[in-house]
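Number of protein chains: 2
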Amino acid sequence: MRPEQRRIAEGILFTDQYQLSMAQLYFRHGLHEQTAQFDHFFRRNPDYGMHAAGYCVTAGLEWLLDWMEMVRFTDDDVAQLRMQRDRAGGQLFGDDFLAYLRATDGFAGLSLRAIPEGRVVHPNAPLTTVRGPLAYAQILETALLNQLNYQTLIATKAARIRDVSHAAPVLEFGLRRGQDRGANAGTRAALIGGADFTSNVGLSSTLGLAPKGTHAHALVQVFLALGYSELDAFKAYAEVYPDDCLLLVDTVDTLGSGLPNAIKVFEQLRAKGHRPVGIRLDSGDLAYLAIHAAMMLDQAGFPDTTIVLSSDLDELVIWQIQTQIGAEAAHAGADADAILKRLVYGVGTRLVTSHGEGSLGGVYKLVAMHERDEWRPAIKLADTAAKLTNPGLKQAWRIYDGRGRATADLVALEHERPDEQEQLCLRHPSDAGLQRQLTRSRLARIEPLLVDVWREGQRVGPRPTLEQMRERRRNDVEALDSGVRRLVNPHIYHVSLTQPLWELKQELLGRLRGGR
Amino acid sequence: MRPEQRRIAEGILFTDQYQLSMAQLYFRHGLHEQTAQFDHFFRRNPDYGMHAAGYCVTAGLEWLLDWMEMVRFTDDDVAQLRMQRDRAGGQLFGDDFLAYLRATDGFAGLSLRAIPEGRVVHPNAPLTTVRGPLAYAQILETALLNQLNYQTLIATKAARIRDVSHAAPVLEFGLRRGQDRGANAGTRAALIGGADFTSNVGLSSTLGLAPKGTHAHALVQVFLALGYSELDAFKAYAEVYPDDCLLLVDTVDTLGSGLPNAIKVFEQLRAKGHRPVGIRLDSGDLAYLAIHAAMMLDQAGFPDTTIVLSSDLDELVIWQIQTQIGAEAAHAGADADAILKRLVYGVGTRLVTSHGEGSLGGVYKLVAMHERDEWRPAIKLADTAAKLTNPGLKQAWRIYDGRGRATADLVALEHERPDEQEQLCLRHPSDAGLQRQLTRSRLARIEPLLVDVWREGQRVGPRPTLEQMRERRRNDVEALDSGVRRLVNPHIYHVSLTQPLWELKQELLGRLRGGR
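What follows is the structure in structure tokens.
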């Protein structure tokens, strides 16, 4: 895309046509400046097929706010809209409406609350709430979902990979399999969710992080094509990077050629006072090769070198590799724990595309309209009870049990203070027969989750650092029950409604279903 | 991401660290300006699980060339690289190497050939070849794969959806489920591959295409929340868009409320001389609802209105809907063909994420190095014969049989002219026992596929229009055997090697495996 096209395609017209059609309708009916509230939430955790998530990690908010700060309807944008025609050949968007768009300051009139990036989040509790003029709250939908759906999906996958990798470093390698520049969003979300480093040079630079990566098969191929050997390629690498020597050993034959050659080079480095870093395995039976590579490296006196594994890894494959090493290492005469401790996982395609479930179905639903000094709650009917929305202005609370574990999220009306009540009633969101009573004094903590993030055209509070977002994720994942963290068939974490919200929902349902 | 960060993350540092590590190594060893040739290809068609592709449609090239035209190592980029440290605390990239990067004009030294966008392509034949200074050819890998992998994946999915939809319009709705601004690449690829229009306003504008979309559930919800009815919302819509009235009828109750209300509004429009466009169904049993909606619309005298279907559609779901309508329409007293003819398919999430197979494994492999006036072919060994690369400088040819059907792609060495040979020998790429003989005079046509697209820092020839790329796709899909186009279990299209290429491959294999 050419730069002048990019300005159009990545500005405020990065939206769906119906948002603008509706905005003009609101404008024509005098509703465009009426205050509305929308909730953003997702309905279920990713289900990867063989395995499923028991929680999500939210991400994408700061980039959304950056975009909101930057965009407004420019002359170019308005000119594009003015060219649109209706079926009768007339101008689809009227000049008065276009003048309104041009005169307003983008998303400055909106207020956003959100659960901060890096936090663990659950289905059906609002992750983001948007309040403000109906027209702009509507136009924001597409970009908000685009940013938060994808980054949350990837931060979630990364958190699972982080969890199964225990203390082992996780490197993100997915740039070549992402969507155009959107791959950078995947890298960022992966770093929030659990990847320690990435191969993505540009994005690392913007975060002050060291990008990771050594060499590809191409290096060895170049040397072979020129009549040299794999050993020559390794020597050349060690010469240029004597203190960062990590060699990819599977270009020719991993155990027959790559390992012996790497060890020769490591010995030369050691003789010169350098400390070799390790090897990378990118094909074949990674568990088997890791065991035998470890033994060969040990035997040669390099027990501290790392072994980087890559090639279509994800949380399930890593788990399988660990299990296989656990089962087979002793047979081969090796120490499984020592091998597992030297592993590094390089995760690319399956992380950046969220293998098994390539999208998060986050939605953005109207929950209230303000009219004549009063909020009028809105609900969206659906064919199944589970798809009904929760109406009204709300806050989400997290309840920690006596051990300090997160035991449920409670969605309440905005004015409620569940943290000040001694008895809490947790209603199932759709099943009238299910409820749970909790006694406040037996709980460790009740914490509100949504905080102000955008007001009057500006973000509220400082931009969080990567480390702060990671800290939130670590703390929140740590506070989950181990059953919820389980890779396969996780426990269902409860997201409940307060009694007043439950009653409001029933009342609206009755009214709507009665008064069709 | 802030704009100053975006300049870093989307410029020439949009690459993997190892490309730069290798580039510096080549620089240190005096290899950086030596001419190399890399091939880009993919190894297998997407397999979506329940169904699989029998071919791909290539896309992404023009955007890659736009990026190549724009980027080079700036002072800012070099400053970022200068900050990187090795493990001993020294500067990872030397000042001499950084000066070289800064002094060179980006990708100006490279030459690219490619199969033009929109064309049908097959596994293991080169889609793109890159020739030029080793350092820059290496650095290009990541961005090239990023652009071509994703857009080809989506153009392929769109072509399948196009094929199963026959003459029905296909609308792309996936912006909210793509990866940040990368979603625009998905929209573009979908339009090349088979979507007629998109809801994406910005991208449509850059292509001079009318974006499509009317209203969401939110419109009806706003009216309900304010004490009005679904009918009021529809009337409001018809008032603003009398000639573009397409109503979403499933917010409350599709057949019980949405359809009757839509029909009332349509009658009012008709009375005023307008022609209502149709309805959209976004939930429930779409086939059942389409049949009954069609009957209600017919009965009310609106047989020409369209019915837009959306909600997690993909090629398999569309096929199922068509089958169900075919089986059930007559029972309900309706004409299945007439219903199918008024359908429009809105495809979002499952198109932009390529549901079932979220990535295309395109790779970029060294195939030759130029030294002392001679090309030295390179090969990449692999644990399976199917993963071996094809060495040397090559051209891909498409062979059309007597009926004008594409019958095989033939990968040849660059100097070969299979179009001038009377007898063609097609060798299986890995199985020595398999070959096919073709007689030139019995064939309709033999066509070279790779054309020059980039030379000396500039694209070769004019930028193709969207319509030209679509035309290529239509012609190429049309020329495929119906078995190859089949949604489920497609025929395997043959990609063969010429005898000289086969011999070169065997020779290199023997040399490498012998001389490890």
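Same order as they appear, the protein sequences are chains A and B.
Be aware that the first sequence starts at 1, since it is given in our numbering, and climbs by one per residue.
Be aware that the second sequence starts at 517, since it is given in our numbering, and climbs by one per residue.
C-beta atoms are modelled at their ideal positions from N, C-alpha and C, and glycine is treated no differently.
#1: Would you mind giving the Cβ-Cβ distance between residue 492 of chain B and residue 676 of chain B, rounded to the nearest angstrom? I have them listed as a contact below 8 Å.
#2: Can you list the residues of chain B that residue 10 of chain A reaches, using a CB-CB cut of under 8 Å?
#3: Kindly indicate the opening and closing residues of the beta strand (DSSP E) around residue 37 of chain A.
#4: Beta-carbon within less than 8 Å of residue 177 of chain A's beta-carbon, same chain only, minus the 5 sequence neighbours each way: which residues are those?
#5: For a minimum of 3 consecutive residues, which ranges assigned as the beta strand (DSSP E) are wholly contained in the region 166-190 of chain A?
#6: Do you know whose CA, among B:849, B:781, B:732, lies nearest residue 748 of chain B's CA?
#7: At the 7 Å Cβ level, is residue 534 of chain B part of the contact set with chain A, yes or no?
#8: Is the CB-CB distance between residue 533 of chain B and residue 199 of chain A below 7 Å?
#9: Interface residues of chain E around residue 623 of chain B at Cβ under 7 Å?
#10: For residue 656 of chain B, which option in B:753, B:643, B:539, B:615 has the closest C-alpha, if you only look at C-alpha atoms?
#11: Measuring only the C-alpha atoms, how far is residue 977 of chain B from residue 969 of chain B?
#12: Quick check: is the beta carbon of residue 68 of chain A nearer than 7 Å to any beta carbon in chain B?
#13: Taking Cβ-Cβ distances below 9 Å as the criterion, which residues of the region 28-57 of chain A are in contact with chain B?
#14: Taking beta-carbon pairs under 9 Å, can you tell me which members of the region 720-735 of chain B lie near chain A?
#15: Report back the beta-carbon spacing between residue 841 of chain B and residue 795 of chain B to the nearest angstrom; my notes put them in contact at under 8 Å.
#16: Given that residue 63 of chain A touches chain B, what residues does it touch there, using C-beta distances under 8 Å?
#17: Would residue 750 of chain B and residue 762 of chain B qualify as a contact pair, given that the criterion is a beta-carbon distance under 7 Å?
#18: Name the two residues that bound the continuous alpha helix (DSSP H) containing residue 861 of chain B.
#19: Could you tell me which whole beta strand (DSSP E) segments of length 3 or greater appear in the region 36-124 of chain A?
#20: Alpha carbon to alpha carbon, how far is residue 53 of chain A from residue 120 of chain A?
#21: Checking contacts by CB at 7 Å: is residue 768 of chain B closer than that to chain A?
#22: Exposed or buried, which one is residue 362 of chain A when buried takes at least 16 other CB atoms within 10 Å?
#23: In this structure, how does DSSP classify residue 1012 of chain B when only helix, strand and coil are distinguished?
#24: Contact criterion: CB-CB distance below 7 Å. Does residue 612 of chain B meet it with respect to chain A?
#25: So residue 386 of chain A and residue 441 of chain A are supposed to be a Cβ contact under 8 Å. How far apart are they, rounded?
#26: Would you please state the rounded distance, in angstroms, between the beta carbons of residue 495 of chain A and residue 37 of chain A? I believe it to be under 8 Å.
#27: Going by other Cβ atoms of all chains shown within 10 Å of its Cβ, with 16 needed for buried, is residue 720 of chain B buried or exposed?
#28: Would you say residue 1063 of chain B faces chain A, with C-beta separation under 7 Å as the test?
#29: Answer yes or no: does any C-beta atom of chain B fall closer than 7 Å to that of residue 521 of chain A?
#30: Chain B beta carbons: is any one of them nearer than 7 Å to that of residue 345 of chain A?
#31: Am I right that residue 20 of chain A and residue 93 of chain A are in contact with their C-beta atoms under 8 Å? What's the rounded C-beta distance?
#32: Please compile the residues from chain A whose C-beta is within a distance smaller than 7 Å of the C-beta of residue 985 of chain B.
#33: For a test of the three-state rule: what should DSSP assign to residue 912 of chain B, helix, strand or coil?
#34: Suppose contacts are defined by Cβ-Cβ distances below 7 Å. Is residue 650 of chain B in contact with residue 550 of chain B by that definition?
#35: Could you give the uninterrupted runs of the beta strand (DSSP E) lying entirely in the region 386-439 of chain A, keeping only those of 3 residues or more?
#36: Kindly list the residues whose CB is nearer than 8 Å to the CB of residue 142 of chain A, restricted to its own chain and excluding five residues on each side of it in sequence; keep chain order.
Reading off the structure:
#1: Here chain B covers residues 517 to 1032 and nothing more, so residue 492 of chain B does not appear.
#2: 697, 700, 718
#3: 35-41
#4: 183, 348, 349, 352, 353
#5: 170-172
#6: B:781
#7: yes
#8: yes
#9: No chain E appears in the structure shown, which is made up of the protein chains A and B.
#10: B:539
#11: 7 Å
#12: no
#13: 28, 29, 31, 34, 36, 38, 49
#14: 720, 721, 722, 723, 724, 726, 727, 728, 729, 730, 731, 732, 733, 734, 735
#15: With a Cβ gap of about 16 Å, residue 841 of chain B and residue 795 of chain B do not count as contacting.
#16: 517, 696
#17: no
#18: Taken as a continuous stretch (DSSP letters only), residue 861 of chain B belongs to no alpha helix (DSSP H), being part of the beta strand (DSSP E) at 859-863.
#19: 111-114
#20: 12 Å
#21: yes
#22: buried
#23: strand
#24: no
#25: Not confirmed; about 33 Å, so no contact.
#26: Their Cβ separation, rounded to whole angstroms, is 19 Å, which puts residue 495 of chain A and residue 37 of chain A out of contact at 8 Å.
#27: buried
#28: Nothing about residue 1063 of chain B can be read from this structure; chain B reaches only from 517 to 1032.
#29: No answer is possible for residue 521 of chain A: the residues shown for chain A start at 1 and end at 516.
#30: no
#31: 7 Å
#32: By Cβ distance, chain A contributes nothing, its closest Cβ being about 14 Å from residue 985 of chain B, past 7 Å.
#33: strand
#34: yes
#35: 394-400, 406-413, 423-427, 435-439
#36: 14, 15, 16, 19
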